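Worksheet for the structure shown next.
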Amino acid sequence: MPVSQMPAKDNDEDKKGAEVKFPPPLIFLLLMLVAYGLHYWQPFTLGMPMVGKYIGLFIALLAVTIVIYISRIFLHVNTSIEPWKPTTTIISTGIYAYSRNPIYALFCFIPIGIGMFLNSAWVLISFIPGAILVYLIAIRKEEAYLEQKFGEEYLQYKRKVRRWL
């Protein structure tokens, strides 16, 4: 897959990346665990038929598979996927031509699919506070960092591509 790369400004003394302090995947994982605890304590089911449970499992596994694929793209272009490490390249093609944060969007589909599979509305809706927290904890810092590091090139990309979908 061809990758459009925007080089960083030469004068940048970047050592820490966006300085995100908490790994975004853990936000979704912790919220799913809390939601499952709520489900155990106060069941809130979806009334999901068996086929719906397997569709949910498929959604969750597909999201994980695409995240793994995207992580390989990061390796291929030699930039860090972790938001607390420096970014050397902006990926703007493929799925990144449609979403500036496809990994975070995919993280939202994991609790949706697992919630369907477990027949738990609590787990399914845990993606909502997850998305809000990821925006507050990671995305805002990442966007400010990328604007500072890549300047007008990132601003142009930001104008063309939506944050989530």
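Residues -13 to 151 in our numbering are what the sequence shown lists, from first letter to last. Idealized CB from N, CA, C, for every residue including glycine. This one's a predicted model, so the numbers in the text were calculated from it and none came from an experiment.
Count the other CB atoms within 10 Å of the CB of Ser57; is the residue buried (16 or more) or exposed (fewer)? Here residue 57 refers to the residue found at position 71 of the sequence shown. Exposed, by the Cβ-count rule.
Which of helix, strand or coil does DSSP assign to Thr79? For the purposes of this step, residue 79 is taken as residue 93 along the sequence shown, with counting starting at 1. DSSP places Thr79 in coil when its eight states are reduced to three.
What number of angstroms, rounded off, separates the C-alpha of Leu43 from the C-alpha of Ile100? As a working note, residue 43 is residue 57 in the sequence shown. As a working note, residue 100 is residue 114 in the sequence shown. For Leu43 and Ile100, the distance between alpha carbons rounds to 6 Å.
So Ser85 and Leu151 are supposed to be a Cβ contact under 8 Å. How far apart are they, rounded? Along the sequence shown, one-based indexing puts residue 85 at 99. Along the sequence shown, one-based indexing puts residue 151 at 165. The pair is a contact, with the Cβ atoms about 6 Å apart (cut-off 8 Å).
As an exercise, report each continuous beta strand (DSSP E) stretch of at least 3 residues that is fully enclosed by the stretch 4 to 90, in chain order. 75 to 77
May I ask you to report which of helix, strand or coil DSSP gives Arg126? Reading the sequence shown from its first residue, position 140 is the one you call residue 126. In the structure shown, Arg126 sits in a helix (DSSP, three-state: H, G or I).
Contact the stretch 55 to 69 vs the stretch 97 to 114: 3+ CB pairs below 8 Å: no
Length of the line joining the Cα atoms of Ala21 and Ile13: Start at 1 with the first residue of the sequence shown, and residue 21 comes out as number 35. Start at 1 with the first residue of the sequence shown, and residue 13 comes out as number 27. When rounded, the distance between both Cα atoms is 12 Å.
Classification of Trp108 by the beta-carbon crowding that lies within 10 angstroms, buried from 16 upward: Translated into positions along the sequence shown, residue 108 becomes position 122. The residue is buried, with at least 16 neighbouring Cβ atoms inside 10 Å.
How should Lys135 be labelled, buried or exposed, when 16 other C-beta atoms within 10 angstroms of its C-beta is the threshold for buried? In the sequence shown, the residue the question calls residue 135 occupies position 149. Buried is the call here.
Assuming Gly116 is part of the alpha helix (DSSP H), what are its boundary residues? Residue numbering aside, residue 116 sits at position 130 when the sequence shown is read from its first letter. 113 to 120 is the extent of the alpha helix (DSSP H) around Gly116.
Are the stretch 66 to 81 and the stretch 3 to 13 in contact at 8 Å, needing three or more beta carbon pairs? yes
Burial state of Pro10 (16 or more Cβ within 10 Å): For the purposes of this step, residue 10 is taken as the residue at position 24 of the sequence shown. Buried, by the Cβ-count rule.
Cβ neighbour criterion (16 or more within 10 Å) applied to Ala63: Here residue 63 refers to the residue found at position 77 when the sequence shown is read from its first residue. The displayed chain sequence assigns Val, not Ala, to residue 63. Flag for Val63 reads exposed.
Please classify Pro35 as buried or exposed, where buried requires at least 16 other C-beta atoms within 10 Å of its C-beta. Taking the first residue of the sequence shown as 1, we reach residue 35 at position 49. Classification for Pro35: exposed.
Just how far apart, CA to CA, sit Thr31 and Gln142? Position 45 of the sequence shown, counted from the first residue, corresponds to residue 31. Position 156 of the sequence shown, counted from the first residue, corresponds to residue 142. Using only the alpha carbons, I get a separation of about 44 Å.
Which first and last residues belong to the alpha helix (DSSP H) in which Lys144 is found? By one-based count along the sequence shown, residue 144 stands at place 158. 138 to 146 is the span of the alpha helix (DSSP H), which, as asked, contains Lys144.
Which one of Lys144, Leu92, Arg145 has the shortest CA to CA distance from Ala49? Walking along the sequence shown from the start, residue 49 turns up at place 63. Residue Leu92 is the option with its Cα nearest to Ala49.
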